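To start, the structure itself, in structure tokens.
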Amino acid sequence: MRRRPTCPPRGAAWAAAVLAAVLAGCAASPEVAVQQIEGVDRCTSIGPRPADPAAPPPTVLDQRIGAEILRVLAAAGHVTTAPSPACWVQHRTVGRTAPAASSGVGVGIGAASGPRGGTSVGIGITLPIGVAARRDTALVIDVVDAARRQQVWVGTLAEALPANPDDADIARAVAAVLARFPPPPP
């Protein structure tokens, strides 16, 4: 008598593939968009962009982000203490509210018959999950050549900060963006 090979059911393989895809999506690191323009190699020292006297004073959040940017740059070996830096660094946060999921109820009915004569009927009802609007904030870091007053690098991280970021949230977002910044010139 010949034995049939045993394989896991197709449903189990499909479920394992879906679980692996979901876990891979959850573990993905945030994507940073970078644009590097000619001249970033001139940034022998980096400091904060001088404040515009007509602009409102920076918020506490802006001060915390600015301090973290300088800390990360200094830790990477960039000179951040020059009295007249070759390049300025500035940042901005861009908030957006994602729209709420539309509400509604969907109903579906289906029937199938098998080769051995059985018939099955299914009814499905869909309800929206997570209907509240979501707020997220992108972090944009710009580096400007101080002498030419031209942007030489920009890094953007979408969905970088939650509504009320703590120091760890700020550190994670800044580190993610500046990980793509070139190392200091020799």
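Mapping of the sequence shown onto my numbering: residues 166 to 351, in sequence order.
The beta carbon of each residue, even a glycine, is placed where N, CA and C say it ideally should be.
This structure is a prediction, so every number in the text was calculated from the model and none was measured.
Name, in chain order, the residues that DSSP records as bridge partners for CYS252.
ILE211 and ASP310
Per DSSP, which residues does ASP206 bridge with? Please list them.
Answer is none; ASP206 lacks a bridge partner.
Roughly how many angstroms lie between the CA atoms of CYS208 and GLY231, to the nearest whole one?
18 Å
So for ASP227, helix, strand or coil by DSSP?
Here ASP227 sits in helix by DSSP.
Report yes if the CB atom of GLY212 is closer than 9 Å to the CB atom of ALA247, and no otherwise.
The Cβ atoms of GLY212 and ALA247 sit closer than 9 Å to each other.
Taking SER249 as the reference, which of VAL319, LEU238, PRO215 and ILE234 has the closest Cα?
PRO215
CA-to-CA distance, LEU235 to PRO221, given in whole angstroms:
21 Å
With a threshold of 16 other CB atoms inside 10 Å of the CB of VAL259, please say whether the residue is buried or exposed.
exposed
Would a C-beta distance cut-off of 9 Å place VAL199 and ARG345 closer than the cut-off?
yes
Contacting residues, own chain, Cβ-Cβ under 6 Å from GLU324 (five flanking each side not counted)
ASP301
Residue(s) in a DSSP beta bridge with ALA232:
In the DSSP output, where bridge partners are listed per residue, ALA232 has none listed.
Alpha carbon to alpha carbon, how far is TRP318 from VAL197?
13 Å
On the DSSP letters alone, give me the boundaries of the alpha helix (DSSP H) that ALA247 sits inside.
Careful: ALA247 lies outside any alpha helix (DSSP H) and carries neither H nor E.
Test item: CB-CB of ASP310 and GLY204 under 9 Å
Yes, Cβ-Cβ distance for ASP310 and GLY204 is below 9 Å.
Excluding the five sequence neighbours on either side, which residues of its own chain have a C-beta within less than 7 Å of the C-beta of ASP334, listed in chain order?
LEU326 and PRO327
Taking just the CA atoms, how far does GLY320 sit from ALA340?
11 Å
Which residue's Cα is closest to the Cα of LEU343: GLU233, ARG229, ASP206 and ARG314?
GLU233
Report the three-state DSSP secondary structure of ALA338 (helix, strand or coil).
helix
Backbone secondary structure at ALA239 - three-state DSSP:
DSSP places ALA239 in helix when its eight states are reduced to three.
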